[in-house]
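Residue numbers (the UniProt record's numbering): 1 to 158. For each residue, glycine too, the CB sits at the ideal point set by N, CA and C.
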Amino acid sequence: RRWREGRASKERAAARERARTELARERRERDLLTLDPDFVPADADAVVMQLWEVKRELVGLRRPDLAVQADRLFTRYHRALDVLDEKFDRREVTYERARGLVSEVGSGAAAGLGAMVELVQGSVGLDADFVRGRLEREAARIGGTEREALQRRLALAD
Numbered sequence: 001r002r003w004r005e006g007r008a009s010k011e012r013a014a015a016r017e018r019a020r021t022e023l024a025r026e027r028r029e030r031d032l033l034t035l036d037p038d039f040v041p042a043d044a045d046a047v048v049m050q051l052w053e054v055k056r057e058l059v060g061l062r063r064p065d066l067a068v069q070a071d072r073l074f075t076r077y078h079r080a081l082d083v084l085d086e087k088f089d090r091r092e093v094t095y096e097r098a099r100g101l102v103s104e105v106g107s108g109a110a111a112g113l114g115a116m117v118e119l120v121q122g123s124v125g126l127d128a129d130f131v132r133g134r135l136e137r138e139a140a141r142i143g144g145t146e147r148e149a150l151q152r153r154l155a156l157a158d
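Take a look at the structure:
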């Protein structure tokens, strides 16, 4: 009985933590800055342009679930630059160094999203129904390596 009470207590605590995490995520999403894929951002630096291009391509590929990642990165990048503007004088060497680091990290993250775009572009031509049917019809005749490759293709298509 004590064991059940302890377990129930742990489950309630885990549920409260999940709810708290979800609420925090919703707050972050609500404050999300967005890039409009139809219009080039005004006064944008190289990182913002990279993020805008990635978002435009993902929206064009009908993947808004991934396009929101560009908005998240844009928001974090913008907030990091705002913090630098608040804490440092623009004429300081430290400001320039910190801004360079933020730009470098932002550029690397945008490049990672660019790789995701390439992956999505490569999976656009996959026929998921054909792959599923082949796995079902020819399950006995397909070798292990080929089955694994077909399952990976199916995962990409989905």
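Sixteen is the threshold: since fewer than 16 other Cβ atoms of the shown chains lie within 10 Å of the Cβ of residue 101, the residue is exposed. Residue 40 sits in coil when the DSSP states are folded into three classes, being neither helix nor strand. In this structure, the straight-line span from the alpha carbon of residue 73 to that of residue 104 is close to 13 Å. About 5 Å separates the CB atoms of residue 59 and residue 37; that is less than 8 Å, so the two are in contact.
Contact annotation: residue 153 and residue 131 have beta-carbon atoms nearer than 8 Å. Separation of residue 41 and residue 148 (C-alpha to C-alpha, rounded to the nearest whole angstrom) is 43 Å. If you ignore the 5 residues before and after residue 98, its C-beta comes within less than 8 Å of the C-beta of 84 and 88, all in its own chain and listed in chain order. The three-state reading of DSSP puts residue 143 in coil, since its state is none of H, G, I, E or B.
By the Cβ-count criterion, residue 56 is buried, with 16 or more other Cβ atoms from all chains shown falling within 10 Å of its own Cβ.
Minimum Cα-Cα distance from residue 129 among the listed residues 11, 114, 150 and 116 corresponds to 150. In the structure shown, residue 129 falls within a helical segment according to DSSP collapsed to helix, strand and coil. Setting aside the 5 residues that flank it on each side, residue 81 is surrounded in the same chain by 99 and 102, each with a C-beta closer than 8 Å to its C-beta; the list follows chain order. Under the three-state reduction of DSSP output, residue 113 falls in the helix class. In the three-state DSSP reduction, residue 66 falls in the helix class (H, G or I). Of all C-beta pairs linking the segment 14-24 to the segment 45-53, fewer than three are shorter than 8 Å, placing the two stretches out of contact.
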